[in-house]
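What follows is a set of notes on a single structure, which appears directly below.
2 protein chains.
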Amino acid sequence: MPAGCAPFSQAEYDRRIAKTRAAMAEAGLDAIFVTDPSNQAWLTGYDGWSFYVHQGVILRMEGEPEWWGRSMDALGGQRTCWMAAENIHGYSDHYIQSTVYHPMQDLAEHFTRMGLASARIGVEMENYYYSAKANAVLTEEMPNATLVDATALVNWQRLVKSEDEIAFIRKAARISEKVVQVAIDRAEPGVRKNDLVADIMHAGITGVGDDWGDYPAIVPLTPSGLDATAAHLTWNGEPMKKGEATFFELSGCYRRYHAPLCRSVFLGTPPAEMLDAEKAQIEGIEAGLEAARAGNRAGDIARAFLDVLSKYGIKREGRCGYPIGLSYPPDWGERTASIRTEDETILEPGMTFHFMPALWMETWGLETTETILIRESGSAEPLCNMERKLFVKP
Amino acid sequence: MPAGCAPFSQAEYDRRIAKTRAAMAEAGLDAIFVTDPSNQAWLTGYDGWSFYVHQGVILRMEGEPEWWGRSMDALGGQRTCWMAAENIHGYSDHYIQSTVYHPMQDLAEHFTRMGLASARIGVEMENYYYSAKANAVLTEEMPNATLVDATALVNWQRLVKSEDEIAFIRKAARISEKVVQVAIDRAEPGVRKNDLVADIMHAGITGVGDDWGDYPAIVPLTPSGLDATAAHLTWNGEPMKKGEATFFELSGCYRRYHAPLCRSVFLGTPPAEMLDAEKAQIEGIEAGLEAARAGNRAGDIARAFLDVLSKYGIKREGRCGYPIGLSYPPDWGERTASIRTEDETILEPGMTFHFMPALWMETWGLETTETILIRESGSAEPLCNMERKLFVKP
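As they're listed, the protein sequences go chains A and B.
Residue 199 in our numbering is what sits at position 199 of the first sequence, and the numbering runs on without skipping anything.
Residue 495 in our numbering is what sits at position 101 of the second sequence, and the numbering runs on without skipping anything.
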């Protein structure tokens with residue numbers, strides 16, 4: 001791929017940069033250093049599994065963004081970013097995981113060459129890929145600069161999706177339907193969980209038609225029985241058992257865009273309390289979808305859902321969802337708004353959330369969720385088409 | 395899994411903790427707060443895809459370690475850690491990805507309850523899962539404590555593997571052989587790369603016999619042609635082409651233990667310069683294996699390899715490998731020693747490295763690598779059994 005092979009049009013990237021610069025101006029920043037791989041990809045198209053070493057995008061108020069990272073990954077930058085090769089910068093390998101050198105020493109020199117030695121530079125203080133040490137070294141190496149916390153400044157610009165992005169999420173949703181269907185079809189007593197996950201992954205990476213599958217930012221979460229009382233266990237080699245519920249927390253991924261979709265399967269005859277909870281959960285989802293409309297708040301979705309649960313005598317704490325779209329491991333959420341009662345974010349058309357009204361109970365767990373799109377008017381559109389119920393296989 | 399279902403014996407965990415405490419004593423620490431998921435698993439057995447929120451293991455000089463994390467993940471802690479339930483602590487969901495609260499506020503209170511308000515506490519300043527913000531909040535909330543950089547303190551204790559760990563890595567190696575064989579067998583002109591990756595993943599998660607496959611810490615890296623000049627591109631939906639080399643950077647994973655193995659495939663007739671480079675690379679690997687013996691230094695492996703390359707007139711910069719074993723995304727390396735000329739780490743029996751003498755050239759890339767075990771005497775043992783060559787499919 002020559003420069004220009006990033007997945008979106010130049011107009012789309014220009015739109016994103018203009019939006020980001022408006023937020024930078026409001027924060028009084030001369031530049032931002034963007035370490036979140038999702039933000040890097042959103043601004044420049046950069047794509048590669050290289051985020052385990054220090055790298056980032058530098059955006060000033062004018063000119064093209066610059067990509068900075070390990071020398072061997074600068075070649076990947078040239079092949080995936082839309083910018084000119086002169087705006088892709090590599091640092092030497094002796095900085096990599098060294099006990100003596102730190103890549104932020106190179107970045108400080110680069111900032112100085114860019115005329116940013118005394119600038120106000122936004123950094124993502126709360127990010128997996130901007131370590132406490134990185135911040136300490138950069139602060140020390142740039143005594144005249146002011147590093148300002150710009151956590152999620154770019155993430156917030158991603159909250160309302162463009163038509164092009166929604167098209168990508170719809171493709172991911174087709175893949176999500178496929179992988180969840182595979183999980184439901186394959187779940188049987190005696191099937192080893194890892195064999196089932198192998199089929200899920202195969203289906204997800206194969207994709208649907210010409211829409212090839214990318215890797216989701218979270219691996220399949222597929223716990224059964226008591227393991228399903230915990231939210232984030234993955235899988236093991238144990239055979240599935242009669243009398244247990246298993247939840248499948250999965251997402252298709254199309255060119256880094258996600259559409260998470262969870263369903264649960266019970267092998268055998270579910271206990272009455274699980275069926276009662278299922279009823280409450282599904283009615284609660286419907287209430288949540290009704291509340292998920294432009295002009296309402298993110299918290300309204302949670303309240304609508306929780307009110308139904310209360311009616312059924314079910315107490316639930318914690319978040320009920322988060323925005324989704326472009327993402328890299330370890331999280332497919334965007335880490336801005338949350339679907340929880342105290343969140344005051346006003347819903348706008350084009351926002352996409354994983355509405356995640358899962359129930360983790362004392363002895364079992366039940367996940368039935370939807371990726372939803374806030375519309376111009378009316379209730380939210382669930383982007384996946386998958387029967388909303390506990391799948392029972394007697 | 396009840397408490398005690400961690401994958402290793404109590405004696406093994408006790409050994410690890412004793413080793414870690416010796417390093418803590420040397421550093422004058424009262425406690426460490428371990429955020430690296432690999433270090434958490436190594437000390438306690440904790441396993442789950444929950445590292446995208448703040449969590450960690452607290453180890454003092456006496457008593458059981460404590461696991462601290464999100465409430466819903468504390469249930470996962472009870473199901474995967476070997477410690478008593480009273481040593482698994484959960485914080486409330488209102489701290490999660492909040493713009494108002496930070497989980498380190500809860501951790502500071504917990505430290506205080508533990509009597510650590512004025513302690514010297516080691517933190518992993520250079521880690522994906524200890525953000526700049528986490529460090530800033532913890533520092534502010536604990537004015538009387540001294541936070542000390544203990545980056546890689548635990549990682550260094552992991553460098554020499556126990557017999558039990560080596561047994562796990564050998565199982566991973568069987569899976570690695572299988573996935574690389576699938577890649578070689580399936581590579582043909584016209585095969586979409588994602589379809590090939592789907593088969594690789596299926597084989598890896600299926601595992602070998604009773605040894606079920608876990609997710610590797612890095613997804614398959616499978617670039618072809620010019621994309622293979624960059625080190626860390628993943629895949630897309632393009633069909634493979636005649637006249638191109640593709641490298642496969644893969645690893646099997648058995649219960650979070652890795653044994654990376656890379657091989658390259660050329661479809662058609664390789665150019666002479668690639669065959670010359672292959673010869674140099676393979677002779678260089680043999681020289682590296684000879685140098686990889688107890689008492690030598692990590693740098694000696696790199697020197698032996700690079701000397702052979704020089705003889706053939708090939709200039710190569712950068713690292714040639716790193717220690718491997720237990721790991722979580724985004725990196726399967728241990729981030730301590732490196733196989734590079736300046737590294738003075740003395741090799742000891744039981745160390746395991748991914749010896750990674752890849753060549754990324756101007757118009758193509760060639761990866762032929764080995765996971766190696768340093769033995770009591772003699773040259774290193776390659777843990778995978780896979781012909782060491784460029785695989786040519788005319």
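Glycine is no exception: its CB is placed at the ideal position from the N, C-alpha and C atoms.
Since the model is a prediction, treat every value here as computed from it, not as a measurement.
Check whether the segment 448-465 of chain B touches the segment 411-426 of chain B, taking contact to mean three or more Cβ pairs, one atom from each stretch, closer than 8 Å. yes
Indicate whether at least one CB of chain B lies closer than 8 Å to the CB of residue 327(A). no
Endpoints, the beta strand (DSSP E) within which residue 746(B) is located: 746-749
Can you find a C-beta in chain A that's less than 8 Å from the C-beta of residue 445(B)? yes
Measure from the C-beta of residue 221(A) to each C-beta in chain B and report whether the shortest distance is under 8 Å. yes
Of all the residues that make up the segment 79-99 of chain A, which are near chain B by a beta-carbon distance shorter than 9 Å? 79, 80, 92, 93, 94, 96, 97, 98, 99
So residue 121(A) contacts chain B; which residues on that side make the cut at Cβ distance below 9 Å? Neighbours of residue 121(A) on chain B: none; closest Cβ ~13 Å, over 9 Å.
Range covered by the beta strand (DSSP E) that runs through residue 244(A): 244-254
Is the separation between the beta-carbon of residue 360(A) and that of residue 229(A) shorter than 8 Å? yes
Using C-beta distances below 7 Å, list every residue in its chain close to residue 299(A), excluding the 5 sequence neighbours before and after it, in chain order. 340, 341, 342, 343, 344
Environment of residue 663(B) [buried if 16+ CB atoms lie within 10 Å]: exposed
Span of the alpha helix (DSSP H) around residue 111(A): 103-113
According to DSSP, is residue 782(B) helix, strand or coil? coil
So within the segment 472-553 of chain B, which uninterrupted alpha helix (DSSP H) runs reach at least 4 residues, ignoring any that extend past its ends? 497-507, 526-535, 547-551
So what's residue 372(A) in DSSP terms, helix, strand or just coil? strand
Mind checking who residue 584(B) pairs with in its DSSP beta bridge? Note: residue 584(B) sits in no beta bridge, so no partner.
On the DSSP bridge assignment, give the partners of residue 660(B) in chain order. 639(B), 786(B)
Do you know how far the Cα of residue 125(A) is from the Cα of residue 363(A)? 38 Å
Local conformation of residue 436(B) per DSSP, three classes: helix
With a threshold of 16 other CB atoms inside 10 Å of the CB of residue 234(A), please say whether the residue is buried or exposed. buried
Under 9 Å from the C-beta of residue 231(A): neighbouring residues of chain B: 442, 444, 464, 466, 467, 469, 470
For residue 184(A) and residue 279(A), what's the separation of their Cα atoms in angstroms? 19 Å
Which whole-angstrom value is the C-beta distance of residue 548(B) and residue 414(B), which I expect to be below 8 Å? 6 Å
Test item: CB-CB of residue 106(A) and residue 91(A) under 8 Å: yes
Indicate the three-state DSSP secondary structure (helix, strand or coil) for residue 34(A) in the structure shown. strand
So residue 234(A) contacts chain B; which residues on that side make the cut at Cβ distance below 9 Å? 441, 442, 443, 608, 609
Residues of chain A with CB under 7 Å from residue 612(B), in chain order? 49
So, is the C-beta of residue 519(B) closer than 8 Å to a C-beta in chain A? yes
Which value, in whole angstroms, describes the spacing of the CA atoms of residue 516(B) and residue 417(B)? 11 Å
Comparing alpha-carbon positions, which option in 445(B), 498(B), 658(B), 743(B) lies nearest residue 360(B)? Lying outside 395 to 788, the shown extent of chain B, residue 360(B) is not represented and no answer is given.
CA-to-CA distance, residue 749(B) to residue 771(B), given in whole angstroms: 18 Å
Taking 7 Å as the limit between beta carbons, can you name the residues of its chain near residue 773(B), skipping five residues before and five after? 683, 684, 686, 687
Check the Cβ of residue 595(B) against every Cβ in chain A and list those closer than 8 Å, keeping chain order. 198, 201, 202, 205
Quick check on residue 144(A) - is its C-beta less than 8 Å from some C-beta in chain B? no
Out of curiosity, what's the CA-to-CA distance linking residue 324(A) and residue 253(A)? 11 Å
Do you know offhand how far residue 386(A)'s Cα is from residue 216(A)'s? 19 Å
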